[in-house]
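Visitor: In the numbering used here, the protein residues as written are 1476 to 1956. For every residue, glycine included, the Cβ atom is placed at its ideal position computed from N, Cα and C.
1) Just reading off the beta strand (DSSP E) that residue 1892 is part of, what are its end residues?
2) Going by DSSP, what residue range makes up the alpha helix (DSSP H) through residue 1907?
3) Going by C-alpha distance, which of 1589, 1565, 1534, 1699 is nearest residue 1582?
4) Tell me where the alpha helix (DSSP H) around residue 1816 begins and ends.
5) Could I get the ranges of all uninterrupted alpha helix (DSSP H) runs contained in the region 1701-1727, with 4 residues as the minimum, in chain order?
6) Would you please state the rounded distance, in angstroms, between the beta carbons of residue 1848 and residue 1806? I believe it to be under 8 Å.
7) Is residue 1807 near the ligand ZN - that is, is its Cβ less than 6 Å away from at least one heavy atom of it?
8) Alpha carbon to alpha carbon, what distance is there between residue 1612 and residue 1598?
9) Find out if the Cβ-Cβ distance for the pair residue 1643, residue 1621 is shorter than 7 Å.
10) Can you list, in chain order, the stretches of the beta strand (DSSP E) that have 3 or more residues and sit fully within the region 1519-1579?
11) Give the straight-line distance between the Cα atoms of residue 1951 and residue 1773, rounded to the nearest whole angstrom.
12) Tell me where the alpha helix (DSSP H) around residue 1699 begins and ends.
13) Below 7 Å CB to CB, which residues in the same chain sit around residue 1513 once its five sequence neighbours on both sides are set aside?
14) Could you give the distance in angstroms between the alpha-carbon of residue 1527 and the alpha-carbon of residue 1827?
15) With distances taken from CA atoms, which of 1894, 1589, 1712 is nearest residue 1629?
16) Going along the chain, which residues of its own chain have a beta-carbon closer than 6 Å to the beta-carbon of residue 1886, five neighbours each way excluded?
17) Using a threshold of 7 Å, state whether the C-beta atoms of residue 1542 and residue 1550 are closer than that.
18) Identify whether residue 1747 lies in helix, strand or coil by the three-state DSSP scheme.
19) Would you decide whether residue 1755 is buried or exposed? Buried here means 16 or more other CB atoms lie within 10 Å of its CB.
20) Please report the residue range of the beta strand (DSSP E) in which residue 1939 lies.
21) Smallest Cα separation from residue 1896: which of 1789, 1929, 1759?
22) Just checking, does the region 1763-1771 make contact with the region 1786-1797 on the three C-beta pairs under 8 Å criterion?
23) Quick one: what's got a C-beta closer than 7 Å to residue 1590's C-beta in the same chain, skipping five residues either side?
24) Given that a residue counts as buried once 16 or more other Cβ atoms are within 10 Å of its Cβ, and exposed if not, what is residue 1702?
25) What does DSSP give as the partner residues of residue 1509 in its beta bridges?
26) How big is the Cα-Cα spacing for residue 1506 and residue 1919?
27) Tell me the DSSP secondary structure of residue 1678 in three-state form.
28) Around the C-beta of residue 1778, are 16 or more other C-beta atoms found within 10 angstroms, so that it is buried, or is it exposed?
29) Going along the chain, which unbroken runs of the beta strand (DSSP E) with 3 or more residues stay wholly within the region 1752-1800?
30) Who pairs with residue 1944 in a beta bridge, going by DSSP?
31) Taking the alpha-carbon of residue 1696 as reference, which of 1567, 1786, 1670, 1832 has the nearest alpha-carbon?
32) Excluding sequence positions up to five away, which residues of its chain have a Cβ less than 7 Å from the Cβ of residue 1614?
33) When DSSP labels each residue in this structure, what does residue 1606 get in the three-state scheme?
34) Buried or exposed: residue 1584, going by 16 or more other Cβ atoms within 10 Å of its Cβ?
35) Which residues mark the beginning and the end of the beta strand (DSSP E) in which residue 1615 is found?
36) From residue 1841 to residue 1909, what distance separates their C-alpha atoms?
What follows is the structure in structure tokens.
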């Protein structure tokens, strides 16, 4: 990575969400114009929304863009060339958010709008061959349930809820304008709180933050800070719980919705420590630290076999990092720690987080501690991590769901490894996420940004109000060697 861009790159990759990063536009970034199609969204901007929908089988892309009165579906082929569009009236104002999408067996897309509590859903189904748009209104029986997360994966739209009673979750699955409900029953499993007292899954989900992790994409460190995370693939869903510092409790849910449990022990420190994990490529990457030491390891999820572990004490130099030891608050420039002792002391004040991303050359791991802070004059005060809120894919009982670019403080480093978790002492190159952040930061007149991984690269979509066009740009991770 170019030296002059180091701090900016660390800022982009690890602390901010993709759409909130701020950077400097420069000629070094590598983006390719893919498409720019005419689109006239009427005022006011407060009613503008956009959603990018990728079909899982043939790779077509549909972008849904809406103003106060009109919803437009823009269709692109596998090569992302503009193909067609359909416009239709937007659902009435009771449906506040464009919540998700699906594709039916014929490859026709549906977009789902929801009211404030997701009890009312309306589906708009688009048929580009006939130019027809069909609307279906649905009421969900979720008045006594808490919405944990909503997401679109594998050509379907999902709403995951927590009922008030029973050790179970409800998964509402939408496709082709219809839905079915599946019950995920956890009553056969035991749960313990950090003090080793018996507890219930329902209580854990209310006490700790819940986050759905994006597959095959870079996940910012605040996303990975949640203690309970859901990973979704075509083969299964994996639910990880890291509320107990001694173990990661892993549940694998297959396509028949059968559930299997595996307990993966965390490392043992000389003193009590905080821990978290991240699941990727059938491996569990674990992090544990306190004021005095840090351990980072990778294990095979199927067998629990340890691939490799890295340990350092407060008087040691971390020999498995490819970056300085950094701290950053909000959008401010990152600062560097001069010693492991000072870094550990500050990291231990927050909640541990680790995230893993496959670059073209290496496995990039970002690890550290997170906390919410607020500035009052010259003082920075830690915010009590309390409250609960449903946000962009996450439900936060411990406050981690409340992280944003203004109040998050991250104490972190980044490292490179091979597939066997062998440390690689190379210089990290820029990622697509860096270039996207720089582009957004340098172009203040664009809006409705969407970012999706697409066939090994990233597509940034945005609305250019001045040109009255919806634009697609392609960004790629740089190759280092």
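Guide: Taking the structure as given:
1) As a working mapping, residue 1892 is identified with position 417 in the chain shown. That run of the beta strand (DSSP E) goes 1883-1892.
2) In the chain shown, counting from the first residue as 1, residue 1907 sits at position 432. Element bounds for residue 1907: 1907-1917.
3) By one-based count along the chain shown, residue 1582 stands at place 107. Closest by alpha carbon: 1534.
4) As a position in the chain shown, residue 1816 is number 341, starting the count at 1. Secondary structure note for residue 1816: its alpha helix (DSSP H) is the uninterrupted segment 1815-1822.
5) Whole alpha helix (DSSP H) segments, 4+ residues: zero.
6) Looking up residue 1848 in the chain shown gives position 373. Looking up residue 1806 in the chain shown gives position 331. Contact doesn't hold; Cβ gap of about 13 Å is too wide.
7) Absent from the structure shown: the ligand ZN. Ligands present: none.
8) Taking the first residue of the chain shown as position 1, residue 1598 is located at position 123. Taking the first residue of the chain shown as position 1, residue 1612 is located at position 137. In a straight line, the C-alpha of residue 1598 is about 6 Å away from that of residue 1612.
9) Along the chain shown, one-based indexing puts residue 1643 at 168. Along the chain shown, one-based indexing puts residue 1621 at 146. Not closer than 7 Å, so no.
10) Qualifying beta strand (DSSP E) stretches, in chain order: 1524-1529, 1536-1541, 1545-1551, 1557-1564, 1572-1578.
11) If you number the chain shown from 1, residue 1951 lands on position 476. If you number the chain shown from 1, residue 1773 lands on position 298. Taking the straight line joining both Cα atoms gives about 27 Å.
12) Looking up residue 1699 in the chain shown gives position 224. Bounds of the alpha helix (DSSP H) holding residue 1699 are 1696-1699.
13) The residue given as residue 1513 occupies position 38 in the chain shown. Within the same chain, residue 1513 has close Cβ partners 1943, 1944.
14) Here residue 1527 corresponds to residue number 52 of the chain shown, with the count starting at 1. Here residue 1827 corresponds to residue number 352 of the chain shown, with the count starting at 1. Going by the C-alpha atoms only, they are around 32 Å apart.
15) As a first step, residue 1629 must be located in the chain shown, where it is residue number 154. Its Cα nearest to that of residue 1629, the residue 1712 stands out among 1894, 1589, 1712.
16) Along the chain shown, one-based indexing puts residue 1886 at 411. Contacts found: 1802, 1821, 1822, 1843, 1844.
17) Within the chain shown, the letter at position 67 stands for residue 1542. Within the chain shown, the letter at position 75 stands for residue 1550. In this structure, residue 1550 does not lie closer than 7 Å to residue 1542 by Cβ.
18) On the chain shown, position 272 is the one that residue 1747 refers to. In the structure shown, residue 1747 falls within a coil segment according to DSSP collapsed to helix, strand and coil.
19) By 1-based counting over the chain shown, the position of residue 1755 is 280. Result: buried.
20) Walking along the chain shown from the start, residue 1939 turns up at place 464. For residue 1939, the enclosing beta strand (DSSP E) stretches over residues 1932-1939.
21) By 1-based counting over the chain shown, the position of residue 1896 is 421. Out of 1789, 1929, 1759, 1759 has the C-alpha closest to the C-alpha of residue 1896.
22) Result yes; three or more Cβ-Cβ pairs closer than 8 Å.
23) Sequence index remark: in the chain shown, residue 1590 carries index 115 (1-based). So the list reads 1569, 1570, 1571, once near-sequence residues are dropped.
24) In the chain shown, residue 1702 corresponds to position 227, counting from 1. Residue 1702 should be labelled buried.
25) Counting from 1 along the chain shown, the entry for residue 1509 is found at position 34. Beta-bridge pairing links residue 1509 to no other residue.
26) Along the chain shown, one-based indexing puts residue 1506 at 31. Along the chain shown, one-based indexing puts residue 1919 at 444. C-alpha separation (whole angstroms): 17 Å.
27) As a working mapping, residue 1678 is identified with position 203 in the chain shown. Looking at residue 1678 - three-state DSSP - the assignment turns out to be helix.
28) Taking the first residue of the chain shown as 1, we reach residue 1778 at position 303. Residue 1778 comes out exposed.
29) For the region 1752-1800, the full-length beta strand (DSSP E) segments reaching 3 residues or more read 1758-1764, 1768-1775, 1781-1788 along the chain.
30) Here residue 1944 refers to the residue found at position 469 when the chain shown is read from its first residue. Its beta-bridge partners are 1513, 1939.
31) The count along the chain shown starts at 1 and reaches residue 1696 at position 221. Checked all of 1567, 1786, 1670, 1832; the closest Cα to residue 1696 is 1832.
32) Locating residue 1614 in the chain shown gives position 139, where the first residue counts as 1. Within the same chain, residue 1614 has close Cβ partners 1594, 1595.
33) Taking the chain shown and counting its residues from 1, one reaches residue 1606 at position 131. Residue 1606: coil per DSSP, three-state reduction.
34) As a working note, residue 1584 is residue 109 in the chain shown. Flag for residue 1584 reads buried.
35) Locating residue 1615 in the chain shown gives position 140, where the first residue counts as 1. Going by DSSP, residue 1615 is part of no beta strand (DSSP E) at all; its letter is neither H nor E.
36) Against the chain shown, residue 1841 aligns to sequence position 366. Against the chain shown, residue 1909 aligns to sequence position 434. Rounded to whole angstroms, residue 1841 to residue 1909 spans 15 Å at the Cα level.
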